[in-house]
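**Student:** Add 13 to a position in the sequence shown, counting from 1, and you land on the number used in our numbering. Ideal Cβ placement from N, Cα and C applies to all residues, glycine included.
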Amino acid sequence: MDQEVKLAELKAKLKNVIKRSVYVYRVDCGGCNGCEIEIFAAISPVYDPERFGIKVVASPRHADILLFTGPMTRAMRLPAIRAYKAAPDPKIVVAYGACGCSGGIFHDCYCVWGGADSLFPVDVYIPGCPPTPAATLYGLAMALDLLQQKIKGEQLVETEVTRVTPKYEGVCPALAKDIEREARRLSGYLHGRRIAAQYLKFVREKDPLAVDRKIKELVKQEKDPRLAEILLSLHKIYMERVGHNAG
């Protein structure tokens, strides 16, 4: 029963991901054609991948997913690169079968470069020698989810002029770190951050004597003796840093 519930959840998630048809282009890099047999079985009406919007196309220019089968041979290296460059972005690269993932039994052959990841950034690996049609559909379903993430994803580029806003504006970062660390040590992580933030509001003033006067007034008005003691400990660090006595 649990398996049926989990399967229903996966189906619902997949239907939510699928907003349009997804086109797959197969690149045979030089294998035994065992993987091709399983791929043709997977796209047959028995498994019916078109119910998920998965369709095989004859040109990489129309492809959303590139499916690389077989080891990356010397003869197919340049055609594979041309197919990869012809596919529009965003695209998903799938390494299919043991040979496509790592070179398989041909990994140490003189004319083999390895798996598809020796040339391309692989997003999904479908292992097996060869993978079953069920494994093929599962891998393509994972590719659909990744494709959706790439379509909706945002690429943020940090330039040289990007300025990170300090956590405590107007306070020396080294001093703020020491104050916050001492406050967390004395009162725990959550309350320590709050107490440190409360104290560092006064430190923004550049005059140490004015800071000293305001902190002492705050300590006198504080009803909690524990909080008053913590504030005095933090104030001692500040006054030592600026070269004054906290007495």
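Given Met89, which residues of its chain have a CB within under 6 Å of its CB, disregarding the five upstream and five downstream residues?
**Tutor:** Excluding positions up to five away in sequence, the list reads Cys42, Gly43.
**Student:** Check the DSSP bridge columns for Ala108 and list the partner residues they point to.
**Tutor:** Note: Ala108 sits in a beta bridge opposite Phe81, Tyr138.
**Student:** From Tyr151, Tyr60, Glu22, Lys68, pick the residue whose C-alpha is nearest to that of Arg39; which is it?
**Tutor:** With distances taken between Cα atoms, Arg39 lies closest to Lys68.
**Student:** Evaluate the contact criterion for the segment 72–92 versus the segment 100–109: three or more CB pairs, one atom per stretch, below 8 Å.
**Tutor:** Flag = yes, the segment 72–92 and the segment 100–109 touch.
**Student:** Smallest Cα separation from Phe65: which of Val35, Ser57, Lys19?
**Tutor:** If we check each option's Cα against that of Phe65, Val35 comes out closest.
**Student:** In this structure, does DSSP put Val40 in helix, strand or coil?
**Tutor:** Residue state, collapsed to three classes: strand.
**Student:** Classify Ala189 as buried or exposed, calling it buried when 16 or more other Cβ atoms lie within 10 Å of its own Cβ.
**Tutor:** Buried: at least 16 other Cβ atoms inside 10 Å.
**Student:** Output the boundary residues of the beta strand (DSSP E) element that contains Ile67.
**Tutor:** Segment 67–69, the beta strand (DSSP E) holding Ile67.
**Student:** Since Thr86 sits in a beta bridge, which residues does DSSP pair it with?
**Tutor:** In the DSSP output, where bridge partners are listed per residue, Thr86 has Val125.
**Student:** From the DSSP output, which residues share a beta bridge with Val35?
**Tutor:** Answer is Ile67.
**Student:** Of the residues Arg239, Glu22, Ala54, Glu17, which one's Cα is nearest the Cα of Pro144?
**Tutor:** The option with the nearest alpha carbon to Pro144 is Ala54.
**Student:** Starting from Val297, trace the alpha helix (DSSP H) in both directions and tell me its first and last residue.
**Tutor:** A question about residue 297 goes unanswered here, because the residues of the chain that appear run from 14 up to 260.
**Student:** Write down every uninterrupted run of the alpha helix (DSSP H) in the segment 183–214 whose length is 4 residues or greater and which is fully enclosed by it, in chain order.
**Tutor:** Fully enclosed alpha helix (DSSP H) runs of 4 or longer: 186–200.
**Student:** CA-CA distance, Phe215 and Leu169?
**Tutor:** About 35 Å.
**Student:** Could you pull out every residue in the same chain whose Cβ sits closer than 8 Å to the Cβ of Leu247, ignoring the five residues on either side in sequence?
**Tutor:** Ile192, Glu195, Ala196, Ile208, Ala209, Tyr212, listed in sequence order.
**Student:** Does the Cβ-Cβ distance between Leu244 and Val232 come in under 8 Å?
**Tutor:** Yes; because the gap between Cβ atoms is below 8 Å, this pair is in contact.
**Student:** Spatial neighbours of Gly205 within its chain, please: CB distance less than 6 Å, with the 5 preceding and 5 following residues excluded, ordered by chain position.
**Tutor:** Within the same chain, Gly205 has close Cβ partners Ala196, Arg197.
**Student:** Give me, in chain order, the residues of the same chain whose beta-carbon lies closer than 6 Å to that of Asp136; leave out the 5 immediate sequence neighbours on both sides.
**Tutor:** Taken in chain order, the residues that qualify are Ile105, Val106, Leu159.
**Student:** Do Ala156 and Met85 count as a contact pair if the criterion is CB distance below 8 Å?
**Tutor:** No, Cβ-Cβ distance for Met85 and Ala156 is not below 8 Å.
**Student:** Would you tell me roughly how many angstroms separate the C-alpha atoms of Ser131 and Thr172, rounded to the nearest one?
**Tutor:** Using only the alpha carbons, I get a separation of about 31 Å.
**Student:** For Ala147 versus Ile139, is the C-beta distance shorter than 8 Å?
**Tutor:** Cβ distance not < 8 Å, so Ala147 and Ile139 don't count as in contact.
**Student:** In whole angstroms, give me the CA-to-CA distance for Ala111 and Lys98.
**Tutor:** Taking the straight line joining both Cα atoms gives about 24 Å.
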